[in-house]
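*Asks:* Got a structure for you, questions after.
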Amino acid sequence: MPQPVSGAPEAGETYSVLKALRSPRILKTEVLAGLVVALALIPEAIAFSIIAGVDPRLGLFASFTMAVSIAFLGGRPAMISAATGAVALVIAPVARDHGIDYLIATVILAGVLQVALGVLGVAKLMRFIPRSVMVGFVNALAILIFTSQLPHLFGDKVNADNRWWIYGLVVVGLVVMVLMPRWTKIVPAPLVAIVLLTAATVLAVINVPTVGDEGDLPESLPSLLIPDVPLNLETLQIIAPFALAMALVGILESLLTAKLVDDVTDTHSNKTREAWGQGAANVITGFFGGMGGCAMIGQTMINVKASGARTRISTFLAGVFLLILVVGLGDVVAIIPMAALVAVMIMVAVGTFDWHSVRPDTLRRMPRSETAVMLSTVVVTVWTHNLAYGVLVGVVVAMVLFARRVAHFTTVTRLDDSAGPGGDDDAVRTYAVEGELFFASSNDLVYQFDYSGDPDEIVIDMTKAHVWDASTVASLDAVRTKYEAKGKRVTIVGANADTTARLDLLAGRLGGAH
């Protein structure tokens, strides 16, 4: 598993940009981390461009503008934003059916929507994502990172002549990244592996797939671009659905990544700023002809976990180095063997996966519902290759299982009859309701009472209960209606202030509660 370089902060320790600039030791860590991330971004950006059906330059330019912009605008230091597969999948139909100009317009509109959602406080919704979903999200991400490398190991470019060279290079790269940190941590092990494997393939004239084989690299800087689309309702109808989907997917992936980095570094980040910062970065990216993007967990883990970066400097330099490499040193970058980058990403996948969550003793102790939530998140994410779908399904499964579990905690107990003012003929039947009453737990409430056998006076004691929604009020209305149909009177006592207020507001006014 990759280890932080020397000088990387301990968990919970933070570095300001100013402190990093004043410390050669810290600055070296940030610079080298940015370089490693830039090298890893190149094939990813090209691959995502192919997924989106656009020229590789759009993905590379997006990675540059996103990384540089988010370094200033984002709320999570050291997090990497660039062109991503999730965004590519969402916007691919726009490029295919309507062309590049409509795609750029979609990216800009998605950025505007993200800014609006960020300002409206969408980041606060993160509190509703359970830990089991986060664990599933991380594990699914690790699996996707690993499986995304398989085409480079078994794809069309792997043949009988180069297969064993590729496998050998990957193994050597893994060995370097595992063993080197035990010897020295002065330079990031991933960077050393990339340099060594590149030198080996060049000096030994080994014919294996390289970064240059993934697509053409740009030869000029990105320039300002205004999309040539009609500014009318028809254009909005075309791009709005895709822009909204991109905005939601991008924010979700970015906020989950930010939370993951918070956990890894034991620090706190500004999720609201991150949300609108991603939007602003996408607007900038769109106007420079990029395909848009969001936070990249794989590259972020390279930056934070494998290289030990902690400040915005590494994020900014990742973008700058990316541009320098693909424009100024494109010929050098093109000869880097893909096997070297595959080895780096495999180590990232291994380091990202939460191995503790699948240990037998953990699974034995963990409630089955929690495991089910984690597995559903993993399965849907891996199946759809969309982290947003996996998280959404995981949250829904968690909500359903929680509601089902809480529903069983509600009880209705019939107490002994007590004599009323007129003696035994004027007896009062008391029912004690206990638990949290909401749509899942109150549906059977109406069947818990003996409408025919009870005396004329019924008391429902709510001292140990709490009414949360209109469904419960409707159920209590139904109980009251059934008793009144038999000439009996129901009195509710012991309700707390919130329950009383809800009953006063809704009781008898919902209709159809019988």
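If you read the sequence shown in the numbering used here, its first letter stands for residue 23, the second for the next number, and so on.
Note that CB positions come from ideal geometry on N, CA and C, so glycine has one too.
If you're wondering where the values come from, they're calculated on a predicted model, not measured in any experiment.
Among V39, E52, L80, which has the Cα closest to the Cα of F309?
*Replies:* Position 287 of the sequence shown, counted from the start, is the residue given in the question as residue 309. For F309, the nearest C-alpha among the options comes from L80.
*Asks:* Go to M313, then tell me how far its beta strand (DSSP E) extends in each direction, as first and last residue.
*Replies:* The count along the sequence shown starts at 1 and reaches residue 313 at position 291. Neither: M313 is in no beta strand (DSSP E) and is coded neither H nor E.
*Asks:* For a cutoff of 7 Å on Cβ pairs, would you count L351 as touching chain C?
*Replies:* No chain C appears in this structure, which consists of one protein chain only.
*Asks:* Consult DSSP for L243 and reduce its assignment to one of helix, strand or coil.
*Replies:* Along the sequence shown, one-based indexing puts residue 243 at 221. L243 falls in the coil class under three-state DSSP.
*Asks:* Let me make sure I understand the geometry here. Which of L397, M199, M367, I261 has the alpha-carbon closest to that of V134?
*Replies:* Stepping through the sequence shown from its first residue, residue 134 is reached at position 112. It is I261 whose Cα lies nearest to the Cα of V134.
*Asks:* Pull up the DSSP beta-bridge partners for Y411, would you.
*Replies:* What you label residue 411 is simply residue 389 of the sequence shown in a count that begins at 1. Answer is none; Y411 lacks a bridge partner.
*Asks:* Hey, how far is the Cα of G29 from the Cα of L243?
*Replies:* By one-based count along the sequence shown, residue 29 stands at place 7. By one-based count along the sequence shown, residue 243 stands at place 221. Note that G29 has pLDDT 44, beneath the 50 cutoff, so the model's placement of it is unreliable and the number below is only indicative. Computed Cα separation, rounded: 34 Å.
*Asks:* Can you look up G442 in the DSSP assignment and give me helix, strand or coil?
*Replies:* If you number the sequence shown from 1, residue 442 lands on position 420. Because G442 sits at a pLDDT of 49, beneath the cut-off of 50, its placement in the model cannot be relied upon, and the following sentence gives the value as read from the coordinates. Three-state result, G442: strand.
*Asks:* Please confirm whether A361 and V192 have their CB atoms less than 7 Å apart.
*Replies:* Taking the sequence shown and counting its residues from 1, one reaches residue 361 at position 339. Taking the sequence shown and counting its residues from 1, one reaches residue 192 at position 170. Contact: yes.
*Asks:* Kindly provide the ranges of any alpha helix (DSSP H) runs that are 4 or more residues long and lie completely inside the segment 320-375, ordered along the chain.
*Replies:* Taking only runs of at least 4 residues, the alpha helix (DSSP H) segments lying wholly in the segment 320-375 are 334-345, 352-356, 360-374.
*Asks:* Considering Cα atoms alone, identify which of V230, I216, A127 is closest to N254.
*Replies:* As a first step, residue 254 must be located in the sequence shown, where it is residue number 232. Closest by alpha carbon: A127.
*Asks:* Alpha carbon to alpha carbon, how far is L278 from M148?
*Replies:* In the sequence shown, counting from the first residue as 1, residue 278 sits at position 256. In the sequence shown, counting from the first residue as 1, residue 148 sits at position 126. One C-alpha to the other measures close to 8 Å.
*Asks:* To the nearest angstrom, how far is the alpha carbon of F86 from that of E256?
*Replies:* For the purposes of this step, residue 86 is identified with residue 64 of the sequence shown, where counting begins at 1. For the purposes of this step, residue 256 is identified with residue 234 of the sequence shown, where counting begins at 1. F86 and E256 have their alpha carbons spaced roughly 31 Å apart.
*Asks:* Would you kindly check if the distance between the Cβ of V112 and the Cβ of A265 is under 7 Å?
*Replies:* Here residue 265 refers to the residue found at position 243 of the sequence shown. Here residue 112 refers to the residue found at position 90 of the sequence shown. Not closer than 7 Å, so no.
*Asks:* How about A69 and T307: are their beta carbons less than 7 Å apart?
*Replies:* One-based indexing of the sequence shown puts residue 69 at position 47. One-based indexing of the sequence shown puts residue 307 at position 285. No.
*Asks:* Can you check which of these residues, A182, R153, G301, is closest to V230 by C-alpha distance?
*Replies:* Here residue 230 refers to the residue found at position 208 when the sequence shown is read from its first residue. Nearest of A182, R153, G301 to V230, Cα basis: A182.
*Asks:* Pick out the complete alpha helix (DSSP H) segments inside the segment 459-507, 4 residues or longer, and give them in chain order.
*Replies:* 461-464, 492-507
*Asks:* I'd like the span of the alpha helix (DSSP H) that includes V200, first residue to last.
*Replies:* Taking the first residue of the sequence shown as 1, we reach residue 200 at position 178. Note, V200: alpha helix (DSSP H), 185-205.
*Asks:* Whose CA, out of I357, D285, A297, lies closest to the CA of L270?
*Replies:* As a position in the sequence shown, residue 270 is number 248, starting the count at 1. The option with the nearest alpha carbon to L270 is A297.
*Asks:* Using only alpha-carbon positions, find the residue among T287, N465, D499 that is nearest to R531.
*Replies:* Start at 1 with the first residue of the sequence shown, and residue 531 comes out as number 509. The shortest Cα separation from R531 among T287, N465, D499 belongs to D499.
*Asks:* Nearest by alpha-carbon distance to G350: which of I273, L274, L239 is it?
*Replies:* What you label residue 350 is simply residue 328 of the sequence shown in a count that begins at 1. G350 has its Cα closest to that of L239, out of I273, L274, L239.
*Asks:* Which term fits G444, buried or exposed, when burial requires 16 or more other beta carbons within 10 angstroms of its beta carbon?
*Replies:* Along the sequence shown, read from residue 1 onward, the residue named residue 444 stands at position 422. Residue confidence for G444 is low, a pLDDT of 45 falling below 50, so the modelled location carries little weight; the figure read from the coordinates is stated next. By the 10 Å Cβ count, G444 comes out exposed.
*Asks:* Over what stretch of residues does the beta strand (DSSP E) that includes I273 continue unbroken?
*Replies:* For the purposes of this step, residue 273 is taken as the residue at position 251 of the sequence shown. For I273, no beta strand (DSSP E) encloses it; the enclosing alpha helix (DSSP H) starts and ends at 255-287.
*Asks:* Bridge partners of V515, per DSSP?
*Replies:* Your numbering for residue 515 matches position 493 in the sequence shown. Note: V515 sits in a beta bridge opposite D483.
*Asks:* Excluding sequence positions up to five away, which residues of its chain have a Cβ less than 6 Å from the Cβ of V400?
*Replies:* Residue numbering aside, residue 400 sits at position 378 when the sequence shown is read from its first letter. G158, N161, A162.
*Asks:* Are D483 and V450 close, meaning C-beta to C-beta below 7 Å?
*Replies:* Along the sequence shown, read from residue 1 onward, the residue named residue 483 stands at position 461. Along the sequence shown, read from residue 1 onward, the residue named residue 450 stands at position 428. No, these two residues do not count as a Cβ contact at 7 Å.
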